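S.K.: Structure below; questions to follow.
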Amino acid sequence: MDQSDWASLPEDLLDLILSRLVTLSDYVRFSTVCMPWHTFALEKYDGERHRKLSTHQPPLLFLPHTRGSKEKETTIFITSIHNLSKTYELESFTPIGNQRWRGSSHGWLISVDVNFVITLSNPFCSKLKGGDDRIIRLPPVPHTNCYHIVKVILSANPTMTPDDYTVMIMFNMYGKLSCIRAGDKKWTYINKCHDVDDVIYSKGLFYALDGTCSVSTCDISEHYPKLNKVSPRLSPNLSPYEELQEIKNYIVESAGGDLLQLLRFMDFTIVLDDKMKRITRVETKGFKAFKLLFLNGESEWVETKNLGDGSLFVGDNTSTYVSASNFLGCHPNSIYFTEYCPPHICFAHSYDMGIYNLGDGSFLQRDCVSKFLSSPVSTSPPIWIQPTFQGKI
Amino acid sequence: MSSSKKSRIVKFKTSDDKTFEVEEAVAVQFETIKSMIDYVCANDCTIPLPNVNAKTLAMVVEWCKKHADERDQLMEVDVDEAPGAVLYDLLVAATYLRVEDLIHRVSQRVSKMVIEIGKLPEEEDVRKTINIKSDFPPQVEEELRKLRRTLGPLSDVLVLFVSSGLLE
Numbered sequence: 001m002d003q004s005d006w007a008s009l010p011e012d013l014l015d016l017i018l019s020r021l022v023t024l025s026d027y028v029r030f031s032t033v034c035m036p037w038h039t040f041a042l043e044k045y046d047g048e049r050h051r052k053l054s055t056h057q058p059p060l061l062f063l064p065h066t067r068g069s070k071e072k073e074t075t076i077f078i079t080s081i082h083n084l085s086k087t088y089e090l091e092s093f094t095p096i097g098n099q100r101w102r103g104s105s106h107g108w109l110i111s112v113d114v115n116f117v118i119t120l121s122n123p124f125c126s127k128l129k130g131g132d133d134r135i136i137r138l139p140p141v142p143h144t145n146c147y148h149i150v151k152v153i154l155s156a157n158p159t160m161t162p163d164d165y166t167v168m169i170m171f172n173m174y175g176k177l178s179c180i181r182a183g184d185k186k187w188t189y190i191n192k193c194h195d196v197d198d199v200i201y202s203k204g205l206f207y208a209l210d211g212t213c214s215v216s217t218c219d220i221s222e223h224y225p226k227l228n229k230v231s232p233r234l235s236p237n238l239s240p241y242e243e244l245q246e247i248k249n250y251i252v253e254s255a256g257g258d259l260l261q262l263l264r265f266m267d268f269t270i271v272l273d274d275k276m277k278r279i280t281r282v283e284t285k286g287f288k289a290f291k292l293l294f295l296n297g298e299s300e301w302v303e304t305k306n307l308g309d310g311s312l313f314v315g316d317n318t319s320t321y322v323s324a325s326n327f328l329g330c331h332p333n334s335i336y337f338t339e340y341c342p343p344h345i346c347f348a349h350s351y352d353m354g355i356y357n358l359g360d361g362s363f364l365q366r367d368c369v370s371k372f373l374s375s376p377v378s379t380s381p382p383i384w385i386q387p388t389f390q391g392k393i
Numbered sequence: 001m002s003s004s005k006k007s008r009i010v011k012f013k014t015s016d017d018k019t020f021e022v023e024e025a026v027a028v029q030f031e032t033i034k035s036m037i038d039y040v041c042a043n044d045c046t047i048p049l050p051n052v053n054a055k056t057l058a059m060v061v062e063w064c065k066k067h068a069d070e071r072d073q074l075m076e077v078d079v080d081e082a083p084g085a086v087l088y089d090l091l092v093a094a095t096y097l098r099v100e101d102l103i104h105r106v107s108q109r110v111s112k113m114v115i116e117i118g119k120l121p122e123e124e125d126v127r128k129t130i131n132i133k134s135d136f137p138p139q140v141e142e143e144l145r146k147l148r149r150t151l152g153p154l155s156d157v158l159v160l161f162v163s164s165g166l167l168e
């Protein structure tokens with residue numbers, strides 16, 4: 001006799017079980033048990049749940065490759081931080097025009113074509129369900145080209161809130177900002193901004209980090225959005241060696257809501273390639289992390305070598321913080337980084353990636369980049385991308 | 001405490017028609033009937049439990065008798081041996097009687113089992129344990145099985161495959 005019927009468990013009990021799942025992977029596993037559970041998991045995957053599950057879900061690595069044999073075709077590979085040397089082929093397609101990948105945000109990949117049109121595409125969306133919910137084309141950005149768009153940041157996942165999200169772009173060499181809201185026809189320039197290095201979004205505000213290492217907020221609900229300084233400048237003590245290096249800044253919000261600033265130190269070395277041609281190789285030498293602390297009503301950047309449970313993902317993606325403890329194989333107190341330098345600077349496609357341990361300054365997986373990228377040839381950098389659950393069976 | 005105030009007995013009738021006598025100290029932990037205990041005892045009534053059988057009620061009573069620190073241990077033993085049907089009955093009973101702590105423990109345990117379904121290549125074994133049948137179309141089920149076999153613990157890659165519509 002079998003009276004139990006898990007598939008038709010009352011919804012409130014099912015919800016109890018769902019709410020105990022910590023990682024997105026577990027959530028997906030739940031959805032692959034049976035059809036009613038799948039439907040329920042999909043129904044219950046709202047913005048709040050997505051945020052909760054995402055804090056324990058490390059990004060995947062997105063690798064668009066062009067194979068020698070099929071030159072026009074780009075194949076998307078994906079790899080997991082469990083095993084960075086193993087890749088999985090996702091799909092192949094022929095890119096339209098001269099589109100370039102420009103990072104990722106909230107699980108959406110960003111590409112820019114020669115007509116300055118920014119396209120958001122979601123590799124996690126089913127391609128068989130029409131194509132409309134998978135691709136978002138934004139109006140062209142005036143007076144810029146695809147090389148000039150440095151980074152694109154979304155305020156939210158358009159799948160979760162199709163009518164309420166904002167796209168912010170960092171463009172041209174002077175680090176200007178412009179944004180567009182869902183449904184808008186025109187881009188809105190952000191006043192009083194220059195030299196912006198990185199942007200994140202949190203609780204209704206964009207946070208921009210500029211070249212002086214200070215943070216400003218931007219409220220895009222204002223009619224003429226502008227930047228308002230909210231932190232002092234950071235004046236780090238650098239060694240003479242560090243002074244000589246190229247520095248890139250990132251801003252990240254920790255799971256506890258602290259603002260973190262990362263300084264990344266890079267070297268460009270000239271090496272000879274296989275054909276004895278001189279090329280420049282970009283190499284990350286290390287990171288420094290600073291936390292914005294509030295003491296007696298004043299804020300101050302304090303260097304830290306301990307991010308606790310945090311794993312940070314930086315590169316062309318929206319800088320992301322993940323709690324490592326709930327995810328097997330994810331290194332805590334570490335920075336997962338990618339870097340790409342285009343041929344017009346390096347005379348060749350130059351890539352760098354690895355895992356930097358902030359505690360002892362050591363690197364892991366430094367060689368995986370050559371495994372990925374020597375063959376097949378890739379014209380785009382590896383990009384961290386945050387997976388989202390959109391399972392539709 | 002005076003002797004006249006000694007523990008009263010609350011009577012239940014289970015779905016399989018058995019009468020159960022439960023000490024008041026235990027019965028007050030059933031949120032659903034907590035407020036009616038005085039009335040029931042004064043009038044010598046029996047509370048019908050159409051959703052709970054005798055075996056399950058015995059387990060719930062056993063759970064309630066234990067101190068909080070012993071419950072973990074009880075849960076470990078019981079659940080490892082408990083087939084899915086028992087776990088299911090326990091969850092339904094705990095919800096019906098509203099024994100909050102037990103509801104949480106069982107749902108936690110079920111979540112763990114669900115997680116295992118994706119982790120093991122032979123996922124059917126776990127599905128059998130909690131007595132649940134897959135009702136996906138056969139080709140979807142075959143695809144899932146293949147993915148689990150090849151990817152093993154790389155479940156986050158599985159996330160991607162599942163959600164990229166590969167299963168359609």
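One line per chain: the protein sequences are A and B, in this order.
Sequence positions in the first sequence follow the UniProt record's numbering and run 1 to 393.
Sequence positions in the second sequence follow the UniProt record's numbering and run 1 to 168.
We put the CB at the ideal spot given by N, CA and C, even for glycine.
Values in this document were obtained by computation on a predicted structure and should not be read as measured data.
Rounded to whole angstroms, what's the CA-CA distance from L128 of chain A to R134 of chain A? Just pull it up for me.
M.R.: In the first sequence, residue 128 of chain A corresponds to position 128, counting from 1. In the first sequence, residue 134 of chain A corresponds to position 134, counting from 1. Below a pLDDT of 50, predicted positions are generally treated as unreliable, and L128 of chain A, at 45, falls in that range; no measurement from the model is reported.
S.K.: Within its chain, find whatever has a CB closer than 8 Å to the CB of I37 of chain B; leave out the 5 residues flanking it on each side and keep chain order.
M.R.: Here residue 37 of chain B is taken as the residue at index 37 of the second sequence, counted from 1. For I37 of chain B, where only same-chain residues beyond five positions count, the Cβ hits under 8 Å are R8, V10, E24, A27 and V28.
S.K.: Taking three-plus beta-carbon pairs below 8 Å as touching, is the region 44 to 58 of chain A in contact with the region 317 to 336 of chain A?
M.R.: Flag = yes, the region 44 to 58 of chain A and the region 317 to 336 of chain A touch.
S.K.: For the putative contact between C213 of chain A and I190 of chain A, defined by C-beta atoms under 8 Å, what is the C-beta separation to the nearest angstrom?
M.R.: The count along the first sequence starts at 1 and reaches residue 213 of chain A at position 213. The count along the first sequence starts at 1 and reaches residue 190 of chain A at position 190. C213 of chain A to I190 of chain A, Cβ: 19 Å. No contact.
S.K.: Please report the straight-line C-alpha distance between F12 of chain B and I47 of chain B, rounded to a whole angstrom.
M.R.: Within the second sequence, residue 12 of chain B is the residue found at index 12, counting from 1. Within the second sequence, residue 47 of chain B is the residue found at index 47, counting from 1. Cα to Cα, F12 of chain B sits roughly 5 Å from I47 of chain B.
S.K.: The alpha helix (DSSP H) with S54 of chain A in it runs from where to where?
M.R.: Walking along the first sequence from the start, residue 54 of chain A turns up at place 54. Element bounds for S54 of chain A: G47 to S54.
S.K.: Flag L16 of chain A as yes if its beta-carbon sits less than 8 Å from any beta-carbon of chain B, otherwise no.
M.R.: Here residue 16 of chain A refers to the residue found at position 16 when the first sequence is read from its first residue. For L16 of chain A, the answer is yes, since a Cβ of chain B falls inside 8 Å of its Cβ.
S.K.: Can you name the residues of chain B whose CB is closer than 7 Å to the CB of M35 of chain A?
M.R.: Position 35 of the first sequence holds residue 35 of chain A. Going along chain B in sequence order, the residues near M35 of chain A (Cβ under 7 Å) are D135 and F136.
S.K.: Between the alpha carbons of D16 of chain B and L90 of chain B, how many angstroms are there, rounded?
M.R.: In the second sequence, counting from the first residue as 1, residue 16 of chain B sits at position 16. In the second sequence, counting from the first residue as 1, residue 90 of chain B sits at position 90. In a straight line, the C-alpha of D16 of chain B is about 15 Å away from that of L90 of chain B.
S.K.: Measure from the alpha carbon of P236 of chain A to the alpha carbon of each residue in A:T304, A:L364 and A:T284, then state which is nearest.
M.R.: Within the first sequence, numbered from 1, the residue matching residue 236 of chain A stands at position 236. Checking every option, the nearest Cα to that of P236 of chain A belongs to A:T304.
S.K.: Judging by CA-CA distance, which residue of A:P36, A:G297 and A:D267 is the nearest neighbour of C341 of chain A?
M.R.: As a position in the first sequence, residue 341 of chain A is number 341, starting the count at 1. C341 of chain A has its Cα closest to that of A:D267, out of A:P36, A:G297 and A:D267.
S.K.: Any contact of the region 288 to 307 of chain A with the region 220 to 233 of chain A, i.e. 3+ C-beta pairs under 8 Å?
M.R.: With a cut-off of 8 Å, the region 220 to 233 of chain A and the region 288 to 307 of chain A count as touching, because enough Cβ pairs lie within range.
S.K.: Could you tell me the alpha carbon to alpha carbon distance between P121 of chain B and V22 of chain A, rounded to whole angstroms?
M.R.: What you label residue 121 of chain B is simply residue 121 of the second sequence in a count that begins at 1. What you label residue 22 of chain A is simply residue 22 of the first sequence in a count that begins at 1. Here the model assigns P121 of chain B a pLDDT of 49, short of 50, so the residue's position is not dependable, and the following value carries that caveat. Answer to the nearest angstrom: the Cα atoms are 21 Å apart.
S.K.: Are the beta-carbon atoms belonging to I180 of chain A and L138 of chain A less than 8 Å from one another?
M.R.: Numbered from 1 along the first sequence, position 180 holds the residue referred to as residue 180 of chain A. Numbered from 1 along the first sequence, position 138 holds the residue referred to as residue 138 of chain A. Yes, the Cβ-Cβ distance between I180 of chain A and L138 of chain A is below 8 Å.
S.K.: Less than 7 Å between C-beta atoms, sequence neighbours within five positions excluded: which residues of the same chain meet that for G130 of chain A?
M.R.: Stepping through the first sequence from its first residue, residue 130 of chain A is reached at position 130. Low confidence applies here, because G130 of chain A scores a pLDDT of 49, under 50, leaving its location unreliable and the question unanswered by this model.
S.K.: What does S20 of chain A touch in chain B if you count any residue whose Cβ is under 7 Å from its own?
M.R.: Along the first sequence, one-based indexing puts residue 20 of chain A at 20. Reading off the sequence, residue 20 of chain A comes out as Arg, not Ser. Simply S107, Q108 and S111.
S.K.: Distance check for Y224 of chain A and G204 of chain A, CA to CA, integer angstroms please.
M.R.: By one-based count along the first sequence, residue 204 of chain A stands at place 204. By one-based count along the first sequence, residue 224 of chain A stands at place 224. Rounded to whole angstroms, G204 of chain A to Y224 of chain A spans 16 Å at the Cα level.
S.K.: On the three-state DSSP scale, how would you describe residue 170 of chain B?
M.R.: The structure shown does not extend to residue 170 of chain B, since chain B is modelled only from 1 to 168, so the question has no answer here.
S.K.: Can you confirm whether the region 114 to 124 of chain A touches the region 331 to 339 of chain A when touching is taken to mean that 3 or more C-beta pairs between the two stretches lie within less than 8 Å?
M.R.: Touching, no.
S.K.: Strictly below 8 Å CB to CB, what residues from chain A border I132 of chain B?
M.R.: Working through the second sequence from its first residue, we reach residue 132 of chain B at position 132. Within chain A, the residues near I132 of chain B are W6, A7, V33 and C34.
S.K.: When the cut-off is 8 Å and only beta carbons count, does T95 of chain B lie next to chain A?
M.R.: Residue numbering aside, residue 95 of chain B sits at position 95 when the second sequence is read from its first letter. Chain A contact via Cβ: present.
S.K.: For T95 of chain B, does the count of other Cβ atoms within 10 angstroms reach 16, so buried, or fall short, so exposed?
M.R.: Locating residue 95 of chain B in the second sequence gives position 95, counting from the first residue. Answer is buried; the Cβ neighbour count reaches 16.
S.K.: Quick one: is R49 of chain A near chain B, going by C-beta distance under 8 Å?
M.R.: Sequence index remark: in the first sequence, residue 49 of chain A carries index 49 (1-based). By this cut-off, R49 of chain A is not an interface position.
S.K.: I need the DSSP call for D184 of chain A, collapsed to helix, strand or coil.
M.R.: Position 184 of the first sequence, counted from the first residue, corresponds to residue 184 of chain A. In the structure shown, D184 of chain A sits in coil (DSSP, three-state: anything other than H, G, I, E or B).
S.K.: Between the region 353 to 369 of chain A and the region 32 to 47 of chain A, do at least 3 Cβ pairs fall closer than 8 Å?
M.R.: Flag = no, the region 353 to 369 of chain A and the region 32 to 47 of chain A do not touch.
S.K.: Does the CB of L91 of chain B have a neighbour CB from chain A at under 8 Å?
M.R.: Against the second sequence, residue 91 of chain B aligns to sequence position 91. Judged by the 8 Å Cβ criterion, L91 of chain B is in contact with chain A.
S.K.: Figure out for me which residue from A:V150, A:L60, A:S254 and A:H106 has the closest Cα to the Cα of R100 of chain A.
M.R.: As a first step, residue 100 of chain A is located in the first sequence; it is residue number 100 there, counting from the start. That would be A:V150, whose Cα lies nearest to the Cα of R100 of chain A.
S.K.: How far does the beta strand (DSSP E) with L120 of chain A in it reach, from first residue to last?
M.R.: On the first sequence, residue 120 of chain A is found 120 positions in, with the first residue counted as 1. Run containing L120 of chain A: I118 to S121, per the beta strand (DSSP E) assignment.
S.K.: Any idea what DSSP makes of S214 of chain A, helix, strand or coil?
M.R.: The sequence position of residue 214 of chain A within the first sequence is 214, counting from 1. DSSP places S214 of chain A in coil when its eight states are reduced to three.
S.K.: Is the beta carbon of Y165 of chain A less than 8 Å from the beta carbon of F389 of chain A?
M.R.: Taking the first sequence and counting its residues from 1, one reaches residue 165 of chain A at position 165. Taking the first sequence and counting its residues from 1, one reaches residue 389 of chain A at position 389. In this structure, F389 of chain A does not lie closer than 8 Å to Y165 of chain A by Cβ.
S.K.: Provide the residue span of the alpha helix (DSSP H) that contains T304 of chain A, from first to last.
M.R.: Numbered from 1 along the first sequence, position 304 holds the residue referred to as residue 304 of chain A. Premise fails: T304 of chain A lies in the beta strand (DSSP E), E298 to T304, not in any alpha helix (DSSP H).
S.K.: Kindly identify the DSSP beta-bridge partner or partners of S202 of chain A.
M.R.: Translated into the one-based positions of the first sequence, residue 202 of chain A becomes position 202. Paired residues: A:L205.
S.K.: Can you pull the chain A neighbours of V114 of chain B, defined as C-beta to C-beta under 8 Å?
M.R.: As a working mapping, residue 114 of chain B is identified with position 114 in the second sequence. Near V114 of chain B (Cβ distances below 8 Å), the residues of chain A are I17, L21, D26, R29, F30 and V33.
S.K.: What does DSSP give as the partner residues of C179 of chain A in its beta bridges?
M.R.: As a position in the first sequence, residue 179 of chain A is number 179, starting the count at 1. According to DSSP, C179 of chain A bridges with A:M168 and A:T188.
S.K.: Out of A:R49, A:F171, A:E253 and A:A156, point me to the one whose CA is closest to T188 of chain A's CA.
M.R.: Your numbering for residue 188 of chain A matches position 188 in the first sequence. Of the listed residues, the one whose Cα sits closest to T188 of chain A is A:F171.
S.K.: According to DSSP, is Q245 of chain A helix, strand or coil?
M.R.: By one-based count along the first sequence, residue 245 of chain A stands at place 245. Looking at Q245 of chain A - three-state DSSP - the assignment turns out to be coil, as it is neither helix nor strand.
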